[in-house]
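Protein chains in written order, with my numbering: chain Z, 2 to 395; chain R, 2 to 395. We put the CB at the ideal spot given by N, CA and C, even for glycine. Below is one structure, written out as structure tokens, with a few remarks after it.
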């Protein structure tokens with residue numbers, strides 16, 4: 002595939018079952034956007050949806066829109082849509098807060114669900130925030146300790162003292178994917194819970210939380226879900242944990258009767274107990290528009306195209322080895338939906354690419370990262386981007 | 002003033018220095034909106050501002066807008082504007098998360114700043130969430146206890162075991178205001194911190210956190226600040242506490258170098274360490290537009306008109322006593338910017354009023370609450386609303 006021509010990949014685009022989805026996004030001219038894994042682009046429908054929320058729902062409906070326009074129901078409604086992308090039940094996902102805050106809430110709940118166990122187990126070199134949030138909880142709970150081990154020894158490190166195994170499903174830098182089913186099973190054998198950070202996998206690949214038997218997860222709305230900058234995040238809590246799990250952040254919207262204004266805190270039934278403050282209506286509306294767009298697509302075609310985009314990119318720049326070292330596992334089932342290269346002068350190369358209209362990410366110290374987002378990324382995009390990268394790295 | 006005529010109050014409106022501000026809001030026809038203390042109405046400029054953020058900053062700027070459009074700087078920038086409304090330095094306020102989450106962060110910080118002290122002191126019957134959040138922290142920290150006492154015994158209850166005094170500045174139901182300076186001084190004499198919930202006072206009255214020597218505060222963006230449904234909240238941390246205070250929610254945006262992706266958590270210098278997740282850009286943009294509008298007004302005129310609106314409302318319905326019992330203190334310096342009545346059939350009366358286009362709130366068990374928001378509420382509005390209330394309650 003290294004020798005494939007631009008004319009050939011244009012043929013692939015013509016036969017791509019997802020080729021029309023690209024027109025649903027407001028992509029600027031002159032830009033090849035390979036950063037949808039960091040901030041998804043604007044779906045055209047989002048602008049109209051937000052304008053309506055602002056002018057009609059807020060402007061005219063005012064306070065009445067909490068009920069009449071479904072604002073209060075939005076966290077559960079949008080969560081139920083995300084559930085379809087991650088193999089969860091509609092009543093197992095809710096939209097709230099940020100990924101970091103949701104991590105804290107679920108970690109706090111997990112520790113309380115496993116009294117007597119003291120270890121929050123994670124891996125060395127995962128997404129730093131996951132670890133930082135766990136360490137923040139540790140500062141409150143001195144009996145808890147955060148233990149980080151190399152990825153290859155995770156399974157061995159799970160033991161009877163492990164309260165929860167906290168892992169990024171797909172690594173933010175390398176794109177490497179953990180075997181969710183195997184690690185969840187290993188944790189459960191030891192009586193531990195699992196908490197998966199799906200920030201780089203929700204909307205990027207087929208995720209099956211229920212199939213893996215996973216107990217808890219969090220994820221991000223502004224990457225592959227195209228929910229807009231700083232979109233609210235989501236959390237997943239499996240049905241069998243919902244009756245027992247309690248959020249340490251006892252905000253009013255997680256109360257069984259928020260408008261009862263009782264002095265006594267009584268958590269809502271089910272996953273709404275993990276809501277905290279007033280739902281962020283504007284962010285929820287944009288997120289819903291992004292998810293609605295993704296749900297119109299043939300998801301099997303999305304996952305399949307992601308793999309083909311990856312293979313095209315990897316093969317096209319293979320000749321630049323060893324200067325460009327592929328950091329992402331080449332096997333489709335071992336990765337997410339971005340491609341990363343290690344390159345000594347990555348910090349210099351990425352600005353050059355951006356100057357040419359090819360937008361990816363530099364991740365320190367030496368990584369070039371390109372998101373592969375099948376709804377709007379064409380084979381031609383990848384051909385041209387890999388060409389530009391070859392030029393810069395030659 | 003009970004006998005003032007509609008013609009007379011129309012004259013007051015003509016002479017009102019704030020009369021033009023009303024046109025800056027997109028108020029629907031046929032509605033007298035006395036619920037700006039629950040959800041502020043839409044400033045006309047907000048729709049255009051949001052459309053630009055969506056179409057240009059997100060749609061065209063994409064990931065580059067984090068720097069180029071000032072998205073990353075927005076929490077501190079908007080916080081600095083709120084600071085001008087609450088008597089704080091520009092580097093003492095930041096916009097983040099929800100009020101509930103901010104309460105948790107500051108309570109967690111306060112407890113750590115006062116080791117050995119075990120009491121989170123609050124009052125009976127305050128805003129329930131304040132207490133619920135404190136009790137959520139207590140569930141994590143068994144050595145801490147939440148103590149709620151009647152308002153009149155707060156000063157006596159502050160002692161050497163009090164870590165922090167947590168109070169709503171203005172009560173959500175009655176509108177009664179605490180003496181911030183006196184209670185803060187009393188807390189400081191005992192070595193305790195103070196945490197003020199300004200949800201019903203920021204933008205509603207002259208708040209002077211620095212003048213009172215207050216250490217911590219939180220507040221809401223979607224009430225008197227007109228920031229939109231579920232707008233992000235703010236938190237205040239006085240300069241002298243910033244070096245020592247640590248957020249228990251160690252999210253990546255509170256890190257000294259969020260894009261360094263270090264395994265080691267190092268809090269940012271100053272108040273940005275109390276940020277957690279990725280800034281909610283859409284919500285921040287709407288909030289900033291609301292605050293910008295308020296900052297164009299003569300604030301002294303706002304506070305003065307609030308008092309006059311109250312007096313008009315109270316005097317007009319005084320004849321309906323005892324059926325309508327004024328719950329709010331009549332003295333301007335003892336209240337916020339809403340008026341509340343106790344009424345046995347409040348739950349029936351409010352829907353009648355809403356049916357006539359007069360929108361206020363019912364608060365269980367028996368309270369009618371009307372927001373007085375001088376930027377867009379006219380004397381005529383209050384005259385007509387009090388007239389409608391008199392009809393319903395006669």
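For this session: Given a cut-off of 8 Å, decide if residue 229(R) and residue 295(R) are closer than it, judged by their beta-carbon atoms.
Result: Note that the C-beta distance between residue 295(R) and residue 229(R) is not below 8 Å.
For this session: Below 8 Å on the Cβ atoms is my guess for residue 318(Z) versus residue 310(Z); work out the distance and round it to an integer in Å.
Result: Going by Cβ atoms, the distance from residue 318(Z) to residue 310(Z) rounds to 13 Å, so no, they are not a contact pair.
Exercise. If you draw a straight line from the alpha carbon of residue 177(R) to that of residue 164(Z), how long is it in whole angstroms?
Worked result: 46 Å
Problem set entry | Sequence-distant residues of its chain with Cβ nearer than 7 Å to residue 69(R) (five each side left out) | 62
Problem set entry | chain Z contact for residue 275(R) (CB, 8 Å cutoff) | no
Exercise. Which of helix, strand or coil does DSSP assign to residue 266(R)?
Worked result: coil
Problem set entry | Option in 347(Z), 368(Z) and 126(Z) with minimal Cα separation from residue 393(Z) | 347(Z)
For this session: Any chance you could list the alpha helix (DSSP H) runs of at least 4 consecutive residues sitting entirely within the segment 64–130 of chain R, in chain order?
Result: 66–69, 75–84 and 100–114
Problem set entry | Alpha-carbon to alpha-carbon, residue 223(Z) and residue 93(R) | 29 Å
Exercise. Alpha helix (DSSP H) containing residue 176(R): first to last residue?
Worked result: Taken as a continuous stretch (DSSP letters only), residue 176(R) belongs to no alpha helix (DSSP H), as it is neither H nor E.
For this session: Let me know the secondary structure DSSP gives residue 254(R) once reduced to three states.
Result: In this structure, residue 254(R) counts as helix in the three-state DSSP scheme.
Problem set entry | Buried or exposed by the 16-neighbour rule on C-beta atoms within 10 Å, applied to residue 139(Z) | buried
Problem set entry | Inter-stretch contact at 8 Å, needing at least 3 Cβ pairs: the segment 354–361 of chain R / the segment 31–49 of chain R | yes
Exercise. Are the C-beta atoms of residue 337(R) and some chain Z residue less than 8 Å apart?
Worked result: no
Problem set entry | Interface partners of residue 136(R) on chain Z, CB under 7 Å | 251 and 266
For this session: Throw me the rounded Cβ distance for the residue 51(Z) and residue 55(R) pair, which I believe falls under 8 Å.
Result: 6 Å
Problem set entry | Cβ neighbour criterion (16 or more within 10 Å) applied to residue 24(Z) | exposed
Problem set entry | Residues of the segment 31–64 of chain R whose Cβ lies closer than 7 Å to any Cβ of chain Z, in chain order | 34, 36, 39, 40, 42, 43, 47, 48, 51, 52, 55, 56, 59, 60, 61, 63 and 64
For this session: Would you give the residue range spanned by the beta strand (DSSP E) that residue 364(R) belongs to?
Result: Residue 364(R) -> beta strand (DSSP E) spans 362–364.
For this session: Count the CB pairs spanning the segment 11–24 of chain R and the segment 256–263 of chain R that are closer than 8 Å, and state whether there are at least three.
Result: Touching, no, given that fewer than three Cβ pairs across the two stretches are closer than 8 Å.
For this session: Reducing DSSP to helix, strand and coil, say where residue 195(Z) ends up.
Result: strand
Problem set entry | residue 76(Z) vs residue 268(Z) beta-carbon contact at 8 Å | no
Exercise. So which residues of chain Z does residue 172(R) contact, with C-beta pairs closer than 8 Å?
Worked result: In chain order: nothing, as chain Z lies at least about 11 Å away.
Exercise. For residue 272(R), which beta-bridge partners are listed by DSSP?
Worked result: In DSSP, residue 272(R) forms no bridge with anything.
For this session: Closer than 8 Å, Cβ to Cβ, to anything on chain R: give me those residues from the segment 225–242 of chain Z, in chain order.
Result: 229, 230, 231, 232, 233 and 234
Problem set entry | Coarse secondary structure for residue 279(R), derived from DSSP in three states | coil
For this session: Check the Cβ-Cβ distances between residue 293(R) and every residue of chain Z, and say whether any is below 8 Å.
Result: no
Problem set entry | Straight-line Cα distance separating residue 278(R) from residue 290(R) | 22 Å
For this session: Quick one: give me the first and last residue of the beta strand (DSSP E) that residue 368(Z) is part of.
Result: Secondary structure note for residue 368(Z): its beta strand (DSSP E) is the uninterrupted segment 368–372.
For this session: Residues of the segment 92–110 of chain Z with a CB closer than 7 Å to any CB of chain R: list them in chain order, please.
Result: 98, 99, 100, 101, 102, 105 and 109
For this session: Tell me whether the beta-carbon of residue 233(Z) lies closer than 8 Å to the beta-carbon of residue 288(Z).
Result: yes
Exercise. Buried or exposed: residue 283(Z), going by 16 or more other Cβ atoms within 10 Å of its Cβ?
Worked result: buried
Exercise. Quick one: does residue 348(R) have its CB under 8 Å from some CB of chain Z?
Worked result: no
Exercise. Would residue 338(Z) pass as a contact of residue 103(Z) if the rule is Cβ separation under 8 Å?
Worked result: no
Exercise. Hey, quick one: how far does the beta strand (DSSP E) through residue 217(R) stretch, first residue to last?
Worked result: 217–220
Problem set entry | Any C-beta of chain R under 8 Å from that of residue 390(Z) | Using beta-carbon distances, residue 390(Z) does not count as an interface residue toward chain R, since no partner is under 8 Å.
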